[in-house]
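Okay, structure first, notes after.
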Amino acid sequence: MTIIGPNNEGKSNLVRALVTALGLLEEHAESPKSLTPLRRSLAMRSRLYEWGRDFPIGEQDKAEGATEFKLEFDLNNEDQTEFYKIINSSINDHLPITIRIGRDLIPEFEVNKPGKGYAALTSKSSEIAAFVGSKLSINYIEAVRTARHSAQSVESLVSSALRKAER
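Residue 26 in the numbering used here sits at position 23 of the sequence shown, with consecutive numbering throughout.
Pasting the structure below:
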């Protein structure tokens, strides 16, 4: 994917949102179900999302508020068959996922399929996150970076590859 446009038009914000959402999805897939929800949320707290940096400053003083990422994945027939084998639930050609994360940094994941299967799919959100993660990979390396950012980018790529190798 390539995004081209004039400066100060939001390209970096769009890419950062995508990287954050997919990173949270990846962490959700990797967090052990054996942990309590609070311990899982602590394990997932990462550099991906910071309330003070990522939530609009003008909205931060309000009691409620969360960043919401709405992702929709298109599944072909092969993906749908594999989804059924792994998740034990049928799905059509669209897989909509919403991720909300607020001041408490505890992400919430929903699979937004209308109908009676909504709750069952949402309860399997970490398995679904792993399914999505097996289908795509995103590596974001900023165009302008310091030596420290370069080292962090390489470290992130190596860590991601090692996690996949462990699985």
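Every residue gets a Cβ at the ideal spot worked out from N, C-alpha and C, and that includes glycine.
Per DSSP, reduced to three states, the secondary structure at residue 6 is coil, with no helix or strand assignment.
The beta carbon of residue 31 sits closer than 6 angstroms to those of 112, 129 and 132, all from its chain and outside the five residues before and after it, given in chain order. When C-beta atoms of the stretch 85-100 are compared with those of the stretch 59-69, fewer than three pairs fall below 8 angstroms, so the two segments do not count as touching. Distance from the Cα of residue 55 is smallest, within the candidate group 149, 121 and 107, for 107. One thing to note: residue 19 has its Cβ no nearer than 8 angstroms to the Cβ of residue 69. 135 is the residue among 153, 84, 151 and 135 whose C-alpha sits nearest the C-alpha of residue 33.
In this structure, the CA atom of residue 51 is about 13 angstroms from the CA atom of residue 72.
The beta carbon of residue 101 sits closer than 6 angstroms to the beta carbons of 73, 113 and 115 from its chain, once the five residues preceding and following it are set aside; these are given in chain order. Apart from the 5 residues on each side of it in sequence, residue 76 sits with its Cβ closer than 7 angstroms to the Cβ of 98 and 135 in its chain, given in chain order.
Residue environment for residue 28: buried (at least 16 other C-beta atoms within 10 angstroms of its C-beta).
The DSSP-derived three-state label of residue 107 is coil. Per the DSSP secondary-structure output, residue 112 pairs in a beta bridge with 102. By the criterion of a C-beta distance shorter than 7 angstroms, residue 120 is surrounded in its chain by 92, once the five residues flanking it on both sides are discounted. Excluding its 5 nearest sequence neighbours in each direction, residue 142 has C-beta neighbours in its own chain below 7 angstroms: 160, listed in chain order. Looking from the CA of residue 86, the closest CA among 138, 12 and 5 belongs to 138.
As computed with DSSP, residue 134 is found in no beta bridge at all.
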